[in-house]
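Let me begin by presenting the structure, written as structure tokens, before commenting on it.
Protein chains: 2
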Amino acid sequence: MPLMGCARVSAVPDEVDRPGSPRWWSARLGAAQPTAGRGRPPVPLERIVDAALALVDEVGAQEFSMRALAERLGSSTATLYRRVSGKDEILTYVADRLLGEVTAIGRARGPVPTWEAAVIAGAEVLFEVLRAHPKAVVLFLGHVPAGPNALRGRESALRALLAGGLSPELAALTYTAVARYVIGFGLQLSEEALTAQATADDLRTLYRSLDPERFPATVSVADVLPQSLAEEFQFGLGLLVDGVRRLRDGQPG
Amino acid sequence: MPLMGCARVSAVPDEVDRPGSPRWWSARLGAAQPTAGRGRPPVPLERIVDAALALVDEVGAQEFSMRALAERLGSSTATLYRRVSGKDEILTYVADRLLGEVTAIGRARGPVPTWEAAVIAGAEVLFEVLRAHPKAVVLFLGHVPAGPNALRGRESALRALLAGGLSPELAALTYTAVARYVIGFGLQLSEEALTAQATADDLRTLYRSLDPERFPATVSVADVLPQSLAEEFQFGLGLLVDGVRRLRDGQPG
DNA sequence: ACCTGAACACCGTTCAAGT
DNA sequence: ACCTGAACACCGTTCAAGT
């Protein structure tokens with residue numbers, strides 16, 4: 001509460017209605033046209049979000065700036081503030097757009113035979129999309145996704161679980177745990193995805209260089225470290241789905 | 001690769017030796033005294049890291065600034081740059097210090113009877129520490145922790161797994177998958193931990209307000225949503241550990 | 001030897017002034 | 001009605017100048 005004056009700081013207090021929060025989305029989803037003003041908007045919101053995603057993919061969320069986005073759109077920052085409330089709002093739209101990609105890919109691949117296959121397919125498609133946009137994953141930090149694409153994706157996933165015979169309680173727990181699991185792993189992709197192999201090799205080298213007296217266990221597993229985050233991801237995902245299946249089969253009713 | 005001139009930007013290219021990478025830590029761990037210069041340093045690194053953690057806890061990693069840190073230390077930013085290479089390096093030390101807290105708490109609580117209990121206890125202590133420093137969790141983004149406290153923690157965890165009869169392969173997979181799982185969930189704590197209940201309530205309200213024709217599954221689970229991230233965390237952690245146990249028991253040898 | 005004020009090149013956001 | 005240059009209050013990092 002010192003440091004007043006700068007809008008970046010003074011915007012922090014009212015957290016609950018910050019772009020991306022459930023309440024914030026709720027207000028926006030209720031409105032007929034999110035950005036309808038008096039005249040027709042010359043730069044549609046969609047173009048802004050397209051450009052923003054491209055910019056994040058290129059330079060990263062950290063280096064993303066309103067100035068750079070305005071330049072890419074051949075406009076000025078002040079013009080952007082006529083369409084959106086600020087940087088946070090734009091990035092919230094970018095996150096929901098990624099979830100739209102997930103839906104599109106899932107639909108393109110067609111139906112799956114069982115609820116287990118649906119969970120695994122959904123988790124893997126989301127993970128793929130996050131891997132394709134490693135610099136954008138941090139946009140999911142601190143939000144439960146609640147935009148239109150998030151809602152549609154959740155609905156179809158929950159339908160598959162309920163149709164598979166899971167109780168509402170187990171379906172809700174499974175959905176949220178798996179979604180968190182995928183995003184949690186995705187967050188760790190970060191920008192390192194590009195240099196993942198280098199990181200894995202460096203880690204192995206570091207472990208091997210340790211004093212075997214003090215670090216015997218670490219040294220002994222240096223040669224069998226998982227090769228990639230994707231491998232760790234698959235391993236845990238399989239365990240989660242197996243565990244849910246056992247719970248379902250032991251479930252009353 | 002435009003935008004030259006500002007050090008923040010020009011520092012990005014050589015990713016591999018950025019503070020926190022395995023190679024970067026490896027160089028530092030080899031050096032006798034990390035910051036030994038000619039005279040005795042008047043502001044020990046430990047004081048800087050203490051102050052930095054306190055500052056991150058208070059204002060968040062996003063608002064953390066070298067100016068604010070210098071002011072808290074009664075010094076100037078230029079003085080900080082005599083002890084560390086920059087903001088990234090300080091935040092890397094802060095992350096490793098949190099892992100030190102994990103070790104200290106684990107030690108204080110004493111030994112556990114089985115490898116399963118060790119995994120669960122370790123995961124829960126780490127999760128508790130992350131929950132106690134929700135604004136600091138983002139410091140784990142994009143790094144495999146490789147500082148001194150990270151190495152010690154990994155060693156003792158791997159020892160417990162190997163002693164429990166897991167093969168080196170299964171021990172390595174289990175350790176990395178569980179560590180990623182905990183940090184992944186921890187990352188989603190973010191600053192929302194403070195308003196978690198509000199978020200959960202908002203989500204429930206949002207789900208209930210949806211059109212039951214279009215979102216029947218979502219509406220039907222609105223009343224049984226998990227109450228907290230901690231609940232989702234426990235659920236998944238239990239499934240993971242059960243799954244590993246079954247793999248261990250079916251493991252050759 | 002150690003420290004620091006002031007500078008440089010950036011931010012997000014706003015608003016008076018233009019068309 | 002719509003747009004924007006210029007301003008304001010911040011950043012991380014560096015370096016000449018002080019003690």
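From first to last, the protein sequence lines are chains A and B. Counting with our numbering, you get residues 1 to 253 for the letters of the first sequence. Counting with our numbering, you get residues 1 to 253 for the letters of the second sequence. Backbone N, C-alpha and C fix where the C-beta goes; we use that ideal spot for every residue, glycine too. Computed from a predicted model, the values in this text were never measured in an experiment.
- Message: Against chain A, which members of the stretch 120-147 of chain B pass a CB distance test of less than 7 Å?
- Response: Residues passing the 7 Å Cβ filter: VAL138, LEU141, GLY142, VAL144 and ALA146.
- Of the residues that make up the stretch 87-101 of chain B, which ones have a beta carbon closer than 9 Å to any beta carbon in chain A? From the stretch 87-101 of chain B, no residue has a Cβ closer than 9 Å to chain A.
- Please compile the residues from chain B whose C-beta is within a distance smaller than 7 Å of the C-beta of PHE185 (chain A). Simply ARG180 and GLY184.
- Message: What would DSSP say about GLU89 (chain B), mapped onto helix, strand or coil?
- Response: It is helical.
- Local conformation of VAL241 (chain B) per DSSP, three classes: In this structure, VAL241 (chain B) counts as helix in the three-state DSSP scheme.
- Message: Is there a Cβ of chain A sitting closer than 9 Å to that of VAL49 (chain B), yes or no?
- Response: Nearest CB-CB separation between VAL49 (chain B) and chain A: not below the 9 Å threshold.
- Query: At a CB-CB cut-off below 8 Å, which residues of chain A make contact with PHE215 (chain B)?
  - Reply: Those within 8 Å of PHE215 (chain B) in chain A are LEU151 and GLU155.
- Could you give the distance in angstroms between the alpha-carbon of VAL112 (chain B) and the alpha-carbon of VAL119 (chain B)? Going by the C-alpha atoms only, they are around 10 Å apart.
- Note down the Cα distance separating ASN178 (chain A) from VAL43 (chain B), rounded to an integer number of angstroms. Reading off the sequence, residue 178 (chain A) comes out as Val, not Asn. Their Cα atoms are separated by approximately 46 Å.
- Query: Where do the ends of the alpha helix (DSSP H) carrying PHE185 (chain B) lie?
  - Reply: Taken as a continuous stretch (DSSP letters only), the alpha helix (DSSP H) holding PHE185 (chain B) covers 168-189.
- Task: Look at the alpha carbon of ALA123 (chain B) and the alpha carbon of SER76 (chain A), and state the distance between them as a whole number of angstroms.
- Result: When only Cα atoms are considered, ALA123 (chain B) and SER76 (chain A) end up about 48 Å apart.
- Query: Taking only beta-carbon atoms, is PRO44 (chain A) less than 9 Å away from chain B?
  - Reply: With 9 Å as the cut-off, PRO44 (chain A) does not count as an interface residue toward chain B.
- Nearest-angstrom Cα separation, counted from VAL102 (chain A) out to THR92 (chain B): Taking the straight line from one Cα to the other gives about 33 Å.
- Message: For a cutoff of 9 Å on Cβ pairs, would you count ALA7 (chain A) as touching chain B?
- Response: Per-residue confidence for ALA7 (chain A) stands at a pLDDT of 33, beneath the threshold of 50, marking its modelled position as unreliable; no derived number is given.
- Could you work out which residues of chain A lie near ARG23 (chain B), taking near to mean beta carbons separated by less than 7 Å? Residues of chain A passing the Cβ test: ASP202.
- Query: In terms of residue numbering, what span does the alpha helix (DSSP H) encompassing PHE127 (chain A) cover?
  - Reply: Taken as a continuous stretch (DSSP letters only), the alpha helix (DSSP H) holding PHE127 (chain A) covers 115-132.
- Query: For GLY100 (chain B), which residues of its own chain have a beta-carbon under 7 Å away from its beta-carbon, when the five flanking residues on both sides are left out?
  - Reply: If we look at GLY100 (chain B) and ignore the five residues flanking it on each side, its Cβ neighbours are ASN149.
- Beta-carbon proximity check, PHE127 (chain A) vs ARG180 (chain B), cutoff 9 Å: No, they are not a contact pair.
- Have a look at MET66 (chain A) and PRO22 (chain A) and give me their C-alpha separation to the nearest angstrom. Between MET66 (chain A) and PRO22 (chain A), the C-alpha separation is close to 24 Å.
- Mind listing the chain B neighbours of VAL244 (chain A)? Cutoff is C-beta to C-beta under 9 Å, in chain order. The contacting residues are LEU239.
- Query: If we count the other Cβ atoms within 10 Å of its Cβ and call it buried at 16 or more, is GLN62 (chain B) buried or exposed?
  - Reply: In summary, GLN62 (chain B) is exposed, with fewer than 16 beta-carbon neighbours lying within 10 Å of its beta-carbon over all protein chains present.
- ALA61 (chain B) in three-state terms, based on DSSP: DSSP places ALA61 (chain B) in the coil class of the three-state scheme, outside both helix and strand.
- Anyone know if the C-beta pair for PHE235 (chain B) and LEU173 (chain A) falls short of 9 Å? Going by C-beta atoms, PHE235 (chain B) is nearer than 9 Å to LEU173 (chain A).
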